[in-house]
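Step one of this worksheet: look at the structure below.
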Amino acid sequence: MAARKFVELSAVRIPADATRRSTERKEITVTTAKLPPIPGTTPFDGEQAKKGYALNKMCFSFNSADCRAEFLRDEEAYMKKYSLNEDQAAGIRARDVLGLIRAGGNAYYLAKFAGILGLNMQDIGALQTGMTVEQFKAKLAAYA
Amino acid sequence: MAKIVGMLTTSHVPAIGGAIAKNLQQDAYWKPFFDGFLPVRKWLDEVKPDVAVVLYNDHGLNFFLDKMPTFSVGAAREYHNADEGWGIPTLAPTRGDIDLSWHLINNLVERDFDITTCQEMLVDHAFTIPLKLFWPQSPCPIPAVPVCINTVQFPLPSAKRCYALGEVVGDAIRNWDSDKKVVVIGTGGLSHQLDGERAGFINKDFDLKFMASMIDDPKWATQFSIHELVEKTGTQGVELVMWLAARAAVKGKVRKVHSNYHIPISNTASGLMALEALE
């Protein structure tokens with residue numbers, strides 16, 4: 105793969121099993137690879153999962169109609185209940201999908217928030233790409 | 016011993032559930048998608064599988080980030096669908112096959128897949144919609160066993176690892192002491208991306224190459240890392256790992272019963288394949 109040349113490898117040597125007798129000690133190599141970024145894409149990795157936990161937990165609750173209704177009754181109180189941080193709360197208030205992704209939101213949980221707002225995936229696509237919904241649909245159809 | 020009759024793979028976009036509920040199968044937008052299933056249903060009427068094993072990915076109905084198993088296997092008598100929050104109708108429960116579930120679980124662990132077992136498991140659109148597409152009657156007339164692969168939280172299992180999982184699932188079915196006919200289903204894909212500035216990304220060339228590989232070069236896509244698959248097929252395009260696992264389960268030569276590829280369904284390049292096992 106051409107992309108491979110961008111991969112930076114760093115190796116950390118750690119004892120395989122520190123509790124074993126020293127004569128049996130072996131070393132294993134743990135490799136962490138820094139992957140080349142994919143433009144416009146934020147893989148939902150451990151960093152994102154840590155950052156976005158409260159936001160995603162709130163959005164996960166939207167599987168329940170009662171929770172959706174509770175959110176709509178008082179958005180601020182509901183966000184507080186889930187301890188959203190300021191970036192996450194600002195993203196929810198502004199219906200800012202890209203901001204919510206930056207704040208650790210995962211596409212599948214955020215889609216449940218979009219469902220509350222009555223937005224479908226083309227609406228969400230348009231919001232994220234700065235297009236009108238018609239332009240976004242035309243972009244999809246153009247791949248055919 | 017049980018027999019694998021073949022495999023079915025399809026996209027599983029939630030909007031399909033909405034279209035079914037509104038009877039939009041003949042609508043100009045949906046017709047090219049739904050018509051693809053007619054020859055597949057005809058084949059299913061002929062081969063009459065007794066049970067399905069469904070490889071799919073949960074999208075935040077059964078699993079949340081508090082506990083996210085890489086591979087999980089259902090071991091319930093019945094699998095319930097539920098409100099997923101995005102307004103698609105909840106479908107009728109699907110019967111399970113407990114005997115096959117535990118046979119798969121025992122075989123997978125025996126062969127070093129440290130799976131999570133689920134005696135209660137909600138199944139989302141990625142499980143229910145494909146069954147509805149293949150068997151439109153309600154409830155689904157045959158029992159099914161869900162096998163779930165994490166595609167929500169990275170690191171995801173590699174394409175190679177998912178293929179290996181499918182191989183064990185296939186071997187397990189073939190050594191299951193039963194006279195049942197089993198169909199293996201893989202759901203998801205093909206190329207699409209829901210999130211980020213790159214939302215709406217589709218890669219037709221890759222999808223068509225991948226579908227061709229399903230027939231006579233099934234390991235082709237296992238050469239790619241998850242990162243490379245995201246780059247080539249979009250964040251959600253990685254769901255093709257379910258297709259790989261299903262194909263690995265069938266093993267050996269296959270005959271193409273039918274395939275269909277249509278852009279777009281919602282934000283997705285939709286793919287459908289029915290392959291009959293020849294060995």
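Protein chains in written order, with this note's numbering: chain S, 105 to 248; chain C, 16 to 294.
Even for Gly, the Cβ is constructed at its ideal location relative to N, Cα and C.
Since residue i and residue j are thought to touch, with beta carbons under 8 Å apart, how far apart are those beta carbons, to the nearest angstrom?
{"i": "Y276(C)", "j": "L223(C)", "result": "7 Å"}
{"i": "T248(C)", "j": "N218(C)", "result": "6 Å"}
{"i": "H27(C)", "j": "A141(C)", "result": "4 Å"}
{"i": "G229(S)", "j": "G215(C)", "result": "5 Å"}
{"i": "N303(C)", "j": "M257(C)", "result": "With chain C covering only 16 through 294, there is no way to say anything about residue 303(C)."}
{"i": "N96(C)", "j": "D139(C)", "result": "7 Å"}
{"i": "V88(C)", "j": "L123(C)", "result": "7 Å"}
Measuring straight from C-alpha to C-alpha, what distance separates residue i and residue j?
{"i": "E128(S)", "j": "E125(C)", "result": "Low per-residue confidence applies at E128(S): pLDDT is 49, beneath 50, and the placement is therefore not dependable, though the value from the model is reported in the following sentence. Distance between the alpha carbons of E128(S) and E125(C): 27 Å."}
{"i": "I113(C)", "j": "A198(S)", "result": "47 Å"}
{"i": "A248(S)", "j": "D220(C)", "result": "11 Å"}
{"i": "E180(S)", "j": "P158(C)", "result": "45 Å"}
{"i": "A187(C)", "j": "H118(C)", "result": "7 Å"}
{"i": "E112(S)", "j": "P140(S)", "result": "Residue confidence is low: E112(S) scores 41 on pLDDT, short of 50, so the model does not pin down where it sits. No coordinate-derived value is stated."}
{"i": "P108(C)", "j": "P156(C)", "result": "11 Å"}
{"i": "K37(C)", "j": "A218(S)", "result": "21 Å"}
{"i": "V68(C)", "j": "M22(C)", "result": "10 Å"}
{"i": "R176(S)", "j": "F79(C)", "result": "Just to set this straight, residue 176(S) is Leu in the shown sequence, not Arg. Going by the C-alpha atoms only, they are around 22 Å apart."}
{"i": "K184(S)", "j": "T85(C)", "result": "31 Å"}
{"i": "A173(S)", "j": "V167(C)", "result": "26 Å"}
{"i": "A169(S)", "j": "I120(C)", "result": "34 Å"}
{"i": "G286(C)", "j": "G203(S)", "result": "32 Å"}
{"i": "L53(C)", "j": "G201(C)", "result": "18 Å"}
{"i": "T237(C)", "j": "L231(S)", "result": "34 Å"}
{"i": "G144(S)", "j": "I205(S)", "result": "11 Å"}
{"i": "D42(C)", "j": "D50(C)", "result": "11 Å"}
Do residue i and residue j have their C-beta atoms within less than 7 Å of each other?
{"i": "K195(C)", "j": "A17(C)", "result": "yes"}
{"i": "V66(C)", "j": "V197(C)", "result": "yes"}
{"i": "E254(C)", "j": "G203(C)", "result": "yes"}
{"i": "L205(C)", "j": "A284(C)", "result": "yes"}
{"i": "F166(S)", "j": "G100(C)", "result": "yes"}
{"i": "Y157(S)", "j": "H74(C)", "result": "no"}
{"i": "P145(C)", "j": "T25(C)", "result": "yes"}
{"i": "Q226(S)", "j": "K241(S)", "result": "yes"}
{"i": "A19(C)", "j": "A260(C)", "result": "In the sequence as presented, Ala is not what sits at residue 19(C); that position holds Ile. Taking 7 Å as the Cβ cut-off, I19(C) and A260(C) do not qualify as a contacting pair."}
{"i": "T295(C)", "j": "L106(C)", "result": "Only positions 16 to 294 of chain C appear in this structure, which leaves residue 295(C) out of reach."}
{"i": "F128(C)", "j": "L180(C)", "result": "yes"}
{"i": "L70(C)", "j": "L137(C)", "result": "no"}
{"i": "Y103(C)", "j": "P29(C)", "result": "It is Ile, not Tyr, that sits at residue 103(C) in the sequence shown. For I103(C) and P29(C), yes; Cβs fall inside 7 Å."}
{"i": "F298(C)", "j": "I280(C)", "result": "For chain C, the structure presents residues 16 to 294; residue 298(C) sits outside this window and is missing."}
Would you call residue i buried or exposed, if buried means 16 or more other Cβ atoms sit within 10 Å of its Cβ?
{"i": "A91(C)", "result": "buried"}
{"i": "S153(C)", "result": "exposed"}
{"i": "N165(C)", "result": "buried"}
{"i": "E151(S)", "result": "exposed"}
{"i": "K63(C)", "result": "exposed"}
{"i": "N245(S)", "result": "It is Ala, not Asn, that sits at residue 245(S) in the sequence shown. It is exposed - the Cβ of A245(S) has fewer than 16 other Cβ atoms within 10 Å."}
{"i": "T146(S)", "result": "buried"}
Could you check whether the Cβ of residue i sits closer than 7 Å to any Cβ belonging to chain B?
{"i": "H242(C)", "result": "Absence of chain B from the displayed structure is noted, the protein chains being S and C."}
Checklist entry - Using a Cβ cut-off of 9 Å, which residues of the stretch 257-282 of chain C contact any Cβ in chain S, in chain order? => result Listed by position along the chain: H277, I278, P279, S281 and N282.
Checklist entry - Taking any Cβ of chain S, which residues in the stretch 209-231 of chain C have a Cβ under 9 Å from it, in chain order? => result Hits within the stretch, in order: L209, D210, G211, E212, R213, A214, G215, F216, I217, N218 and K219.
Checklist entry - When you check each C-beta in the stretch 158-178 of chain C against every C-beta of chain S, which residues fall closer than 8 Å? => result Here the close residues are V167, Q168, F169 and P170.
Checklist entry - When you check each C-beta in the stretch 166-188 of chain S against every C-beta of chain C, which residues fall closer than 8 Å? => result So the close ones are F166, N167, S168, A169 and R172.
Checklist entry - Mind listing which residues of the stretch 72-90 of chain C have their C-beta closer than 7 Å to chain S's C-betas, in chain order? => result For the stretch 72-90 of chain C, residues whose beta-carbon sits nearer than 7 Å to a beta-carbon of chain S comprise H74, G75, L76, F79 and L80.
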